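Colleague:
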Amino acid sequence: MYQTFVGLEIHIHLNTATKVFCGCKAHFGDEPNTNVCPVCMGYPGVLPVLNQHALELAYTVSLALGCQLSHRTLFDRKNYFYPDMPKNYQITQFHEPVGQNGSIEFALADGTTKKVRIHDVHLEEDAGKMIHAGDMTLVDYNRAGYSLLEVVTEPDLASGEETEAFLQAFQRVVRYLGVSDGNMEEGSMKCDTNVSINKAGAGLGTKVEIKNLNSSRFVKKAIEHEQKRQAAVLEAGNKVSQETRLWNENRDVTETMRTKEGGLDYRYFPEPDLPPFVPDASFLKRIQDAQVELPLARKQRLVREFGLSREQADFVTDARFTADFFEQAVRASAASGGSAMANWLMGDVQKELNHFNLTLEACPLTAGRLASLQSLLDAGRIHTKIAKQLLVSIFEEDKDPETLLQEKGLESIATEQQLAPIVESVFSAHPNVVAAVKAGDARQKGFLVGQVMKATGGRAAPDLVNALLAKFLA
Amino acid sequence: MDTKELETTALLAQIELGKGDLARLGEAVSQMLDNFRKMNELDTEGLEATTHALVTDNRVRPDSPVPSDLADALVERSPELEDRFIVIPNVL
Ligand SMILES: [Zn+2]
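Just so you know, the sequences run in chain order A and B. With this note's numbering applied, the first sequence covers 8 to 481. With this note's numbering applied, the second sequence covers 7 to 98.
(1) Rounded to whole angstroms, how far is the Cβ of G109/A from the Cβ of S69/A, which I believe are closer than 8 Å?
(2) Decide if T381/A is buried, meaning its Cβ has at least 16 other Cβ atoms within 10 Å, or exposed.
(3) Given S400/A, which residues of its chain have a CB within under 6 Å of its CB, disregarding the five upstream and five downstream residues?
(4) When you measure from the CB of K10/B to every non-hydrogen atom of ligand 1, does any distance come out below 7 Å?
(5) For R274/A, return the contacting residues in chain B, with the cut-off set at a CB-CB distance below 7 Å.
(6) Give the interface partners of P85/B over in chain A, defined as CB-CB distance under 7 Å, in chain order.
(7) Under 7 Å between beta-carbons, which chain A residues line up against I21/B? List them in chain order, please.
(8) Does any heavy atom of ligand 1 sit closer than 7 Å to the C-beta of K26/A?
(9) Is V46/A near ligand 1 - that is, is its Cβ less than 7 Å away from at least one heavy atom of it?
(10) Whose C-alpha, out of R311/A, E193/A, L372/A, E418/A, is nearest the C-alpha of H390/A?
(11) For ligand 1, is there any heavy atom lying closer than 7 Å to the beta carbon of S74/B?
(12) According to DSSP, is I125/A part of a helix, a strand, or is it coil?
(13) How many whole angstroms separate the CB atoms of L315/A and A339/A, which I take to be in contact at a CB cut-off of 8 Å?
(14) Give a yes or no on whether the minimum CB-CB distance between V61/B and chain A is below 8 Å.
(15) Applying the 10 Å Cβ sphere with the 16-neighbour rule, what's the burial state of S119/B?
(16) For the putative contact between I125/A and V158/A, defined by C-beta atoms under 8 Å, what is the C-beta separation to the nearest angstrom?
(17) What is the DSSP secondary structure of G118/A, reduced to helix, strand or coil?
(18) Output, in chain order, the set of chain B residues within a Cβ distance shorter than 7 Å of T41/A.
(19) Return helix, strand or coil for S382/A, following the three-state DSSP convention.
(20) Quick check: the segment 79-95 of chain A against the segment 280-287 of chain A, are there 3 or more CB pairs under 8 Å?
(21) Reducing DSSP to helix, strand and coil, say where G49/A ends up.
(22) What does E88/B reach in chain A if we use C-beta pairs closer than 7 Å?
(23) In whole angstroms, what is the alpha-carbon distance linking F479/A and Q357/A?
(24) Could you compute how far the alpha carbon of P93/A sits from the alpha carbon of F313/A?
(25) Have a look at the DSSP bridge pairing and note the partners of D83/A.
(26) Would you verify that the beta carbon of N201/A is, or is not, closer than 8 Å to some beta carbon of chain B?
(27) Locate the beta strand (DSSP E) running through M92/A, then write down its first and last residues.
(28) With burial defined as no fewer than 16 other Cβ atoms inside 10 Å of the residue's Cβ, what is the status of S195/A: buried or exposed?
(29) Looking only at DSSP bridge pairs, what is M196/A linked to?
(30) CB Y153/A to CB V43/A, shorter than 8 Å?
(31) For the segment 42-73 of chain B, enumerate the residues whose C-beta is nearer than 8 Å to any C-beta of chain A, in chain order.
(32) Do you know offhand how far Q10/A's Cα is from G73/A's?
(33) So L28/B contacts chain A; which residues on that side make the cut at Cβ distance below 9 Å?
(34) Between the Cα of R490/A and the Cα atoms of D296/A, S289/A, R293/A, D331/A, which residue gives the shortest distance?
(35) What are the start and end residues of the beta strand (DSSP E) that includes I94/B?
(36) Does A24/A have its Cβ less than 8 Å from a Cβ in chain B?
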């Protein structure tokens, strides 16, 4: 059988306010060619100057991925002629990238983890955008010069499914670090995928590069297509040719990309316009301070510390904000454990967020409010049904649970003293039903429970209602 | 440097060379390469490469926008525009 080797070249747009080598705004959606200047338009005689924040973010990612950090990082020119790059070269890093030899551990679908080695992390500039329209092409250089971080993995992934899980894990990492929104659909994360297959044990096969993949699902599909295509080539006794292929999302296949004439020799050489960058102690301190507990570590800790199930932990740690919210809420609620809180977030809270079309970041529910809602439950002052009602009220009225409880008079009727007279009046209003139940017709007991609930506006504690009915019917 | 190598180099640099240019430049480039070969003979073991002379400190800038007042002028220099896009022949 064949073995598959997948390596990725992941590009992310860094969250910087300006481009990487000039002061132009790095902003999506502006009118074409408004955020441009002589530097990013490639005019002669201009001098690029490094954006310090872009370097900080690049080092932050490198450290988080366990890379060796460069003590003296250098930039290189990669020469190629294409209208999206007006200088006729891209400034990138080749000889001395920001970080090298790291790794990322991520969780597979079965709950086990896998480590993928990182070859290097380097900082470079993005190209402009071209729109092909019939016999002409429209070019917009607003994106030319955006700070782009490329993370290159070793060919350690073994299937489409594994690669999809890896990409989602990688996306969570950059979002946790706050360095990029990592959105593939919107183009702030892109991924070129190298796939080779070979007879098991025979090492790497011939590498085929696939481009034009703008979602992790397409990456999975493209790898699976390549596995079949390359296997068929080998079965027929032919050799897989080393080439770049494009993913065609309408036909679910990869297609040979027209190779540029003259082959690909980028003639890298050190960028003479940019001096080396040597991180000093205060720079490195900022990089240290920017580190966060990574999603996988956090997930494992939440399972350990709060006894969450894997499904709960996956949900809670998918976004850093949710994980923070969860931990704050658990710590603020007096009695309850993490499982109850995770269930709130996965169930009713998510339902209300969907219903009101809101995000957890921008909604009336805070960690403190969820904690006090749970504390009311734990103290027996409300029961579950009322708690769910209060949650909706929080979304509708933007008030604390305690306030809403007072205003709406929803506190549980949870003492025998309060509830006994109500049960008595229900009994005297329905003597026939009481007689039937006493005679052995247990089915009609539900009717009596319903009448008590109706009389109390749903506030009677269900356990107490059952206990009192049993007592009165005895 | 043989002619074939020179032609490839010219192609990569997108430079069009005539027959006369090839002969003349072939000789000049060979001369340059000889000079580099000579420099390569020096023992540089243990020395850090000098990529930039006269640079002692990091040269960076803060991440705050400094919009260029030349944007309009640069765009207007393009031979053809459509809704501020620069129009070029189809290259796909
Ligand atoms: Zn610019």
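No residue lacks a Cβ here, since even glycine has one placed at the ideal position from N, Cα and C. Predicted, not measured: the structure shown is a model, and the values here were computed from it.
Modeller: Answer, in terms of the structure:
(1) Between S69/A and G109/A the Cβ distance is about 7 Å, and since that is below 8 Å, they are a contact.
(2) Looking at the sequence itself, residue 381/A is Gln, so the reference to Thr does not match. So Q381/A ends up on the buried side.
(3) L411
(4) Between ligand 1 and the CB of K10/B, the shortest heavy atom gap is not smaller than 7 Å.
(5) L18
(6) Under the 7 Å cutoff, chain A gives no residues; its nearest Cβ is about 12 Å from P85/B.
(7) The premise fails here: I21/B is roughly 11 Å from chain A at the closest Cβ pair, so nothing lies under 7 Å.
(8) yes
(9) yes
(10) E418/A
(11) yes
(12) strand
(13) With a Cβ gap of about 17 Å, L315/A and A339/A do not count as contacting.
(14) The C-beta of V61/B comes closer than 8 Å to at least one C-beta of chain A.
(15) The requested residue 119/B does not occur in the structure, where chain B is confined to residues 7 to 98.
(16) 6 Å
(17) In the structure shown, G118/A sits in coil (DSSP, three-state: anything other than H, G, I, E or B).
(18) A77
(19) helix
(20) A contact exists between the segment 79-95 of chain A and the segment 280-287 of chain A.
(21) coil
(22) Under the 7 Å cutoff, chain A gives L145.
(23) 41 Å
(24) 55 Å
(25) T99/A, P277/A
(26) By this cut-off, N201/A is not an interface position.
(27) It is not in any beta strand (DSSP E) - M92/A carries neither H nor E in the DSSP assignment.
(28) Buried.
(29) I19/A
(30) no
(31) T57, H58, V61, N64, R65, V66, R67, P68, D69, S70, P71, V72, P73
(32) 28 Å
(33) Residues of chain A passing the Cβ test: none, with the nearest at roughly 17 Å.
(34) With chain A running from 8 to 481 in the structure shown, residue 490/A is simply not present.
(35) It spans 91-95 - the beta strand (DSSP E) in which I94/B sits, taken as one unbroken run.
(36) Residue-level contact check: A24/A touches chain B, since one or more beta carbons of chain B fall below 8 Å from its beta carbon.
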